[in-house]
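The opening position of the sequence shown corresponds to residue 1 in the working numbering, with each subsequent residue numbered one higher.
As structure tokens, the structure follows; a few thoughts come after it.
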Amino acid sequence: MNALTRDDYSDTYFHENVVGKREKTNWEPPRFELTKQLVDTWCYQDAFRQINLTLKDENITTCAHNTRIDYIFLRPLLDDEWVLTECFIVDTHNATDHHAVVATFMPKNETIIRKT
């Protein structure tokens, strides 16, 4: 099952680069059920989206097909001792067919010290 997140794409980019490419190559249509279930039903959060609220389209791709298919999901706890401080995509320059997704977490007490 392909697992995409619809919010990652503008309407134009989605229709031209995601739907259009899949139709031309006779791939399955894009699907969002898995990522939606992870977030809406199981209360996981998309680490990249938490840090990068406005990035879309070609700025978020993680594979050669110009889509984001690699994610880091987290499920925060009420008494969580760790805080997500950054999340970004690393261009692997064709070393692999995917880009790396990196997330950094810091102990909560260290992030409070750094902010003061």
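Every residue gets a Cβ at the ideal spot worked out from N, C-alpha and C, and that includes glycine.
Small disclaimer: the values here were computed from a predicted structure and weren't measured.
field: Contact belief for asparagine 2 with arginine 31 at Cβ below 8 Å, rounded distance in angstroms
entry: 5 Å
query: For histidine 98, which three-state DSSP category applies?
result: strand
message: Need the endpoints of the alpha helix (DSSP H) that isoleucine 51 sits in, please.
response: 47 to 51
message: For the alpha helix (DSSP H) containing glutamate 23, name the first residue and the last one.
response: 20 to 24
query: What residues in its chain sit with their C-beta under 6 Å from that of threonine 5, if we drop five residues either side in the sequence?
result: Thr35
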